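Below is one structure, written out as structure tokens; the observations come after it.
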Amino acid sequence: MKLLSCPLNGPRNIEEFQYLGPLRERPDPDALSDADWARHLFRAENRPGAMLEWWRHRPSNYVFLAERHTVTNAVIRTFDPSELEPGA
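Numbering (this note's numbering), first residue to last: 59 to 146.
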């Protein structure tokens, strides 16, 4: 069984979690063309290496960030969004 460590609930079965996508800048939709806004909404960057991602623990509805290596699938760390460094 694969475990993911929830910052609120501790190590839990991966089946209890929902992947919500990568952490990325949120541009002003009024400043973008329709094509650029659609690109932002529907095309996530899929680069190899460490990425920050949004995850949700379904039973508690707790949303947090995980740093995960996309090639090895290793979770480097998980943390509360309030701990996010400005500019990250």
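By construction, the Cβ of each residue, glycine as well, lies at the ideal position given by its N, Cα and C atoms.
Given the structure is predicted, the values throughout are model-derived calculations rather than measurements.
For the candidate residues Cys64, Leu90, Leu66, whose alpha-carbon lies nearest to that of Leu99?
If we check each option's Cα against that of Leu99, Leu90 comes out closest.
On the criterion of 16 or more Cβ atoms from any shown chain inside 10 Å, does Thr130 qualify as buried, or is it exposed?
Exposed is the call here.
Classify Ala96 as buried or exposed, calling it buried when 16 or more other Cβ atoms lie within 10 Å of its own Cβ.
Exposed, since its Cβ has fewer than 16 Cβ neighbours within 10 Å.
Mind checking Arg126: buried by the 16 CB within 10 Å criterion, or exposed?
With 16 or more Cβ atoms within 10 Å of its Cβ, Arg126 is classed as buried.
Tell me the DSSP secondary structure of Arg101 in three-state form.
Coil.
May I ask you to report which of helix, strand or coil DSSP gives Ala58?
Nothing can be reported for residue 58: it is not among the residues displayed for the chain, which extend from 59 to 146.
Is Leu81 near Thr136, with beta carbons less than 9 Å apart?
Cβ distance not < 9 Å, so Leu81 and Thr136 don't count as in contact.
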